[in-house]
Structure formats: structure tokens, C-alpha cells
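Peer 1: First residue of the sequence shown: 112, per our numbering; consecutive thereafter.
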Amino acid sequence: MHPDEIAELNAKRICHECIGEEYLSNEVAATGVAAKCDYCDQTAATWTLEQLAERIETAFDHHYTRTADQPDSWQERMMADRESRYVWFREGQPTVEAFQEAAEIEPEVAEDVQAILDDKYACYDPFDMDGETEFSAECHYEEKGATDEAWQEDWRNFEQSIQKEARFFSRSAAAHLTEVFGHIDSLKTINNQPLVVDAGLQFALNHLYRARVFQSEDPLLKALCRPDQELGPPPARLATAGRMNAQGISVFYGATSIQSAIAEVRPPVGSRVAVARFNILRPLRLLDLTALEDAHDTGSIFDLSLKDRLEWVAFLRSVGKRMTRAVMPDDRKRSINPTC
């Protein structure tokens with residue numbers, strides 16, 4: 112398009128009433144300038160079409176991907192098979208339709224936005240006129256999932272620091288854990304269940320079971336006489352490495368059932384197991400690792416904070432799987448969780 116035509120499109124104004132997507136419409140209403148809308152002729156809070164195009168561009172960069180314009184090798188083989196009825200269609204929606212559906216705008220508005228962005232990404236190289244450019248009319252788009260690559264990289268650096276440099280008194284490690292788990296109580300699962308569970312005398316979860324293996328009778332009898340001392344967390348000097356602790360760090364491993372408590376200590380054949388119930392006297396807030404795998408967040412793609420939130424949630428799901436996976440006895444020392 113001619114530069115004057117693009118400038119004219121950029122200067123057009125659209126009101127919040129012409130945008131159906133609630134979050135975006137509300138933002139235009141809150142931040143827009145009172146002016147006559149070029150699409151409905153009403154005077155209301157408006158943005159320039161250039162502003163709308165920039166926001167749609169950002170939303171699609173964060174949450175959509177351009178689909179392949181040619182079949183892949185497997186699809187080509189299917190198409191070449193004379194006995195196959197396979198027909199290849201490009202996945203996703205055409206650019207204008209995708210804009211129209213995402214922002215809930217009229218086709219005329221979506222076409223104008225597409226023209227602005229198409230001009231922005233157009234290739235004016237006379238030797239490269241056949242390549243498809245971003246937001247051209249022929250492009251197709253589909254939603255993409257969140258990636259947690261940045262979080263995973265930070266977590267690997269955190270593990271390296273904890274395991275090989277300074278396990279204790281690390282301010283950077285504490286800051287990282289705060290970043291990962293600091294606002295986790297604001298999330299729920301896809302079934303609207305909380306990730307953080309309250310425990311204590313006034314709650315449903317008001318006790319835990321703890322087991323200990325005994326291979327001779329005298330220590331067992333001693334434990335039965337003083338379960339608070341013998342079945343509680345061991346002294347630091349006797350604490351062995353476990354899933355959530357390094358050697359020398361005493362941790363209370365508890366289970367919600369007797370069967371789970373016994374299974375956790377892995378008693379050898381011929382040994383005996385004593386199990387004690389410990390009431391939770393003080394209120395606790397516990398992270399439900401099984402729920403963490405189903406952590407969920409949602410919102411408008413036009414909310415600039417959504418991308419970071421979805422990436423965080425994707426990372427939390429992977430953390431939940433990592434923390435709840437089975438650990439073999441020979442791997443216990445190597446599998447200590449760095450959050451301990």
C-alpha cells in the first residue's frame with residue numbers, strides 16, 4: 112500500500128464499543144481518548160487503529176504461531192499414496208479471521224488491522240517476492256502453548272548453585288524460590304481446587320502418620336514407650352539423605368495414611384515397623400504437589416501479563432512431576448530436591 116494510505120489507516124479511530132473482547136474493550140474505555148469512532152460514528156473512548164494493531168501484534172506474538180504453508184514430508188507421502196484419500200489443508204485460521212475472532216471485531220476492522228501489519232512486515236526485496244511474510248493475508252494462525260524454557264534455565268542454574276556451590280545461606284537461592292513459589296496460593300487447578308492446603312486441628316487434614324523400621328526388639332520397645340522422641344524427626348547427626356533433605360538436615364516426613372507411611376520407609380523382609388500418629392497442633396499451609404501437576408491459569412490474550420503467568424504455570428507443572436516421581440534407593444543422594 113502507498114504510505115499515505117497506511118498513514119490514513121493508522122490514524123483511524125475505533126471505540127471500545129466496536130471491540131467485543133472484554134479485556135481489550137475495557138482497556139480502550141479506560142485509556143482511550145474521547146473522539147468520533149470511524150466505524151460506528153459514535154463519540155466514545157477511542158484508540159487509533161495503529162494502537163489496536165500494535166496490541167493485536169503483541170498478542171499474536173505471545174500466544175499464536177504461523178502455521179506451515181506447505182505439507183511436511185509425512186503428509187507429502189500420504190498425498191502421493193494412490194490408495195490414500197488424504198487431502199492436505201493448512202492448519203489454523205486466515206489472518207483476518209484470526210484477528211476478527213481474537214479481538215471480536217468486525218471484518219472491516221480486522222481487514223484494516225491486517226493491512227497495517229502486512230505493510231509493516233512486507234518484504235520489498237525484488238529478489239524475494241515469493242516468500243510469505245508475517246501477517247500477510249495468506250497466512251494462517253493457531254494458538255500455541257506456553258513454553259517454560261526460561262524458567263527451566265533459571266532452575267538449572269539454581270540447582271547447580273545449591274548442589275555444588277552454597278546450599279545454605281544463599282540469598283539468590285532464597286530470592287529464586289520466592290519468585291517460583293511466592294504467589295502460588297493465587298493459583299488453582301483446572302478443576303478449581305487450591306494448590307495450597309490448610310492443615311491443623313480445625314481443618315480436615317489434622318494429623319499425619321510417621322513410620323520407622325526396626326530390625327531388633329529393644330529399639331522397637333523403646334520407640335513404643337517414647338514415640339514422640341523415637342518416631343519423630345531424627346537428631347541432625349543421625350539424619351540421612353532423603354528425597355527432600357541433605358544428610359544432616361532433620362526433616363519430618365509424614366503421610367496421610369498408615370499404608371503410605373509404611374511404604375515410604377521400604378521395610379526389608381523380616382523387619383518390624385512402628386507407626387505413630389502425630390496431631391498437627393499449629394496451623395500449617397501445605398503445597399499439594401499432586402495438584403501442582405494440574406495448575407491452571409487463564410485470562411485474556413490482550414493482558415500483557417498473561418504470557419509470563421502461563422509460562423510460570425507450565426514450569427510449576429513440571430516441578431510437580433519432578434517432585435512426585437519415584438526415587439530408587441540407589442538414587443536417593445543424587446535425587447535430593449534442591450528446595451530442601
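Every residue gets a Cβ at the ideal spot worked out from N, C-alpha and C, and that includes glycine.
When the Cα of Gln304 is compared with those of Leu398, Ala334 and Asn137, which residue comes out closest?
Peer 2: On the sequence shown, position 193 is the one that residue 304 refers to. Among Leu398, Ala334 and Asn137, the Cα nearest to that of Gln304 is on Leu398.
Peer 1: Quick one: measure Cβ to Cβ for Val380 and His407, integer angstroms, because I've assumed they're closer than 8 Å.
Peer 2: Your numbering for residue 380 matches position 269 in the sequence shown. Your numbering for residue 407 matches position 296 in the sequence shown. Not confirmed; about 44 Å, so no contact.
Peer 1: Between Pro338, Glu341, Gln340 and Ile360, which has its C-alpha nearest Arg348's C-alpha?
Peer 2: Sequence index remark: in the sequence shown, residue 348 carries index 237 (1-based). When C-alpha distances from Arg348 are compared across Pro338, Glu341, Gln340 and Ile360, the shortest belongs to Ile360.
Peer 1: Less than 6 Å between C-beta atoms, sequence neighbours within five positions excluded: which residues of the same chain meet that for Lys123?
Peer 2: Reading the sequence shown from its first residue, position 12 is the one you call residue 123. Closer than 6 Å at Cβ, skipping near neighbours: Asp149 and Leu160.
Peer 1: Alpha carbon to alpha carbon, how far is Val291 from Leu135?
Peer 2: Looking up residue 291 in the sequence shown gives position 180. Looking up residue 135 in the sequence shown gives position 24. The straight-line gap from Cα to Cα measures roughly 29 Å.
Peer 1: Please say whether Ala387 and Pro338 have beta carbons closer to each other than 9 Å?
Peer 2: Here the question's residue 338 lines up with position 227 in the sequence shown. Here the question's residue 387 lines up with position 276 in the sequence shown. Cβ atoms of Pro338 and Ala387: closer than 9 Å.
Peer 1: Under the assumption that Pro205 contacts His251 (Cβ atoms under 8 Å), give the Cβ distance between them as a whole number of angstroms.
Peer 2: Taking the first residue of the sequence shown as 1, we reach residue 205 at position 94. Taking the first residue of the sequence shown as 1, we reach residue 251 at position 140. With 8 Å as the limit, Pro205 and His251 qualify as a contact, their Cβ atoms being about 6 Å apart.
Peer 1: Since I believe Glu202 is in contact with Glu254 (beta carbons under 8 Å), could you give me their beta-carbon distance rounded to a whole number of angstroms?
Peer 2: On the sequence shown, residue 254 is found 143 positions in, with the first residue counted as 1. On the sequence shown, residue 202 is found 91 positions in, with the first residue counted as 1. The pair is not a contact, with the Cβ atoms about 11 Å apart (cut-off 8 Å).
Peer 1: Which one of Ala374, Ile301 and Leu421 has the shortest CA to CA distance from Ala402?
Peer 2: In the sequence shown, residue 402 corresponds to position 291, counting from 1. Taking each of Ala374, Ile301 and Leu421 in turn and checking the Cα distance to Ala402, the smallest one comes out for Ile301.
Peer 1: Quick check on DSSP: helix, strand or coil for Glu264?
Peer 2: Counted from its first residue, the sequence shown places residue 264 at position 153. In the structure shown, the three-state DSSP call for Glu264 is helix.
Peer 1: Considering Val291, what are the terminal residues of the alpha helix (DSSP H) in which it resides?
Peer 2: On the sequence shown, position 180 is the one that residue 291 refers to. For Val291, the enclosing alpha helix (DSSP H) starts and ends at Arg282 to Phe292.
Peer 1: Whole angstroms are fine: how far does the CA of Ser247 sit from the CA of Thr142?
Peer 2: To locate residue 142, count along the sequence shown from 1; it is residue 31. To locate residue 247, count along the sequence shown from 1; it is residue 136. So the two alpha carbons sit approximately 29 Å from each other.
Peer 1: Tell me where the alpha helix (DSSP H) around Phe325 begins and ends.
Peer 2: Locating residue 325 in the sequence shown gives position 214, counting from the first residue. Note, Phe325: premise wrong, no alpha helix (DSSP H); beta strand (DSSP E) at His318 to Phe325.
Peer 1: Using the three-state DSSP reduction, which class does His251 fall into: helix, strand or coil?
Peer 2: Taking the sequence shown and counting its residues from 1, the one referred to as residue 251 is at position 140. In this structure, His251 counts as strand in the three-state DSSP scheme.
Peer 1: Are there 16 or more other CB atoms within 10 angstroms of the CB of Leu415, so buried, or fewer, so exposed?
Peer 2: Counting from one through the sequence shown, the residue named residue 415 turns up at place 304. Exposed, by the Cβ-count rule.
Peer 1: If the criterion is Cβ atoms closer than 9 Å, does the pair Phe262 and Glu116 meet it?
Peer 2: Position 151 of the sequence shown, counted from the first residue, corresponds to residue 262. Position 5 of the sequence shown, counted from the first residue, corresponds to residue 116. Position check: residue 262 holds Trp in this sequence, whereas Phe was assumed. The Cβ atoms of Trp262 and Glu116 lie no closer than 9 Å to each other.
Peer 1: Three-state secondary structure (DSSP) at Cys129?
Peer 2: Indexing the sequence shown from 1 puts residue 129 at position 18. Correct three-state label for Cys129: helix.
Peer 1: Please report the residue range of the alpha helix (DSSP H) in which Tyr175 lies.
Peer 2: As a working mapping, residue 175 is identified with position 64 in the sequence shown. Run containing Tyr175: none in the alpha helix (DSSP H); it sits in the beta strand (DSSP E), Tyr175 to Arg177.
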